[in-house]
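Residue numbers (UniProt numbering): 1 to 151.
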């Protein structure tokens, strides 16, 4: 594999992770699902949630507004280990959010990832979310009112 291909693969995988965060923040779970292989798995043991396949990811996403008031997620670059048309890696996460039930929290976590090169580019075959720090203190801030003209 050429040095150029290694660089391109790393950039594409980092873009995949960034697009995941953007899609989650925009609550675009059709796009989230498209970032996984057809049999890809997304696991969030602390919720607990496990979705296998794009349709389960979409279905879970349709339910998110029922239980999440807001979520702000930030991805920080982590390890990428390439192995031909597959790769593994970690992405470091920070999140702040509040549920519709009033519970809130700040957490720092790691996504343990597996990736696959496909004809449509790199996709997740597995994402597993591991919380390393959790603070469930009530958040004192709020979502600012939205002005439709400001968009």
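C-beta: ideal position from N, C-alpha, C; glycine also.
In the structure shown, what three-state DSSP assignment does residue i receive?
| i | result |
| --- | --- |
| residue 146 | coil |
| residue 86 | strand |
| residue 132 | strand |
| residue 39 | strand |
| residue 31 | helix |
Do residue i and residue j have their C-beta atoms closer together than 8 Å?
| i | j | result |
| --- | --- | --- |
| residue 65 | residue 104 | no |
| residue 67 | residue 27 | no |
| residue 208 | residue 113 | In the structure displayed, the chain extends from 1 to 151; residue 208 sits before or after that span and is not available. |
| residue 53 | residue 38 | yes |
| residue 47 | residue 122 | no |
| residue 36 | residue 124 | yes |
Tell me which residue opens and which closes the alpha helix (DSSP H) that residue i is part of.
| i | result |
| --- | --- |
| residue 65 | 54-67 |
| residue 13 | 3-25 |
| residue 46 | From DSSP, residue 46 is part of no alpha helix (DSSP H); its letter is neither H nor E. |
| residue 113 | First-last for residue 113: 104-118, but that is the beta strand (DSSP E), not the alpha helix (DSSP H). |
| residue 137 | Premise fails: residue 137 is in no alpha helix (DSSP H) and is neither H nor E. |
Given residue i, which residues of its chain have a CB within under 6 Å of its CB, disregarding the five upstream and five downstream residues?
| i | result |
| --- | --- |
| residue 43 | 50 and 128 |
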